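Chemist:
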Amino acid sequence: MPTRKMSRAFFAVVLALLLLVLPAQALAQESRIAMVPNGSKTMWSPGRFVEIPGFPGKRIDRRLLPDVAWLVRRYDLRITSAYTLSKGHEQSGEHPRGLAIDVVPARGGSWASLARLARWAKPAGGIPRKPFRWVGYNGDKGHGDPSHCKVRKGCLPHLHLSWQHGYTPRARAAPWVNVLRFRPLDGVGHLVETDHAADPILGLHQLEAPVDLVQP
Ligand SMILES: [Zn+2]
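Heads up: the sequence shown begins at 9 in this note's numbering, then just goes up one per residue.
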């Protein structure tokens, strides 16, 4: 039979555990705030090539992780290429600098969704929206959806996105990179900084439930 002293000790332990767990839950809830892009910003923090969560073997400059996570969720993307020194990519471009992704629809995604992303990232006029440096899709050689980029003609359909950055030789992280700035969806909260490249997990958790506000 447990004595009163023992049960008191038991409750003390339970209480201590709850106190440990509750702040973590509150943090998790808070970090599920829906975020929407709100312009761009320049990041000077040191870059490093890291694996993209959810895409084993695919690496990118860590400063892009929040942008990439948001894009993947918002547009149901699968990343087919990111940081690579492969000669199949433009050597003066962003793939050998960890500042580009090639994407196709994820299972459950669609080319229509990629088309929306392409239009948002490169509005009419053909100039990419900041922070994007180059957007390769329909009309660009070697890029586009399957009706513009035909496999039988040796074209692998995909959308390319790369980010603006300071000069760097290949295989080295850039001194600075422009990234998306985000704000909470409700628009009444304070601007939430997303300098979470230093903490990719938090950065990823913050990016959820993307909405149509971001559409042109
Ligand atoms: Zn590419």
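Yeah, the Cβ is synthetic: ideal placement off N, Cα and C, and Gly gets one too. Just so we're clear, the structure is a prediction, and the values are computed from it rather than from any experiment.
#1: Closest by CA to Arg191, which one among Pro177, Ala17, Asp69, Pro45?
#2: Are there any heavy atoms of ligand 1 lying less than 6 Å away from the beta-carbon of Asp110, as far as the coordinates show?
#3: If you drop the 5 nearest sequence neighbours on each side, which residues of the same chain put their C-beta closer than 8 Å to that of Ala181?
#4: Using only the alpha-carbon positions, how far apart do Trp142 and His168 sit?
#5: Contact check, Gln99 vs Lys138 under 8 Å by CB: the rounded distance?
#6: Starting from Ala181, trace the alpha helix (DSSP H) both ways and give me its first and last residue.
#7: With Ala77 as the anchor, note down where its alpha helix (DSSP H) starts and where it stops.
#8: Let me know the secondary structure DSSP gives Ala123 once reduced to three states.
#9: Thinking C-beta only, is Arg67 closer than 7 Å to Tyr91?
#10: Could you check if His168 belongs to the surroundings of ligand 1, using beta carbon to heavy atom distance under 6 Å?
#11: Can you list the beta strand (DSSP E) stretches of 3 or more residues lying completely in the segment 91-170, in chain order?
#12: Could you give the C-beta distance for Val111 and Leu93, rounded to a whole number, given that I count them as a contact under 8 Å?
Modeler: A quick look at the data gives this:
#1: Pro45
#2: yes
#3: Pro54, Gly55, Arg56, Phe57, Asp69, Arg105, Gly106
#4: 8 Å
#5: That belief does not hold up - the Cβ atoms of Gln99 and Lys138 are roughly 24 Å apart, past 8 Å.
#6: Ala181 -> no alpha helix (DSSP H), and no H or E assigned at all.
#7: 73-83
#8: helix
#9: yes
#10: yes
#11: 108-113, 140-144
#12: Actually they are not in contact, since the Cβ atoms of Val111 and Leu93 sit about 20 Å apart, beyond 8 Å.
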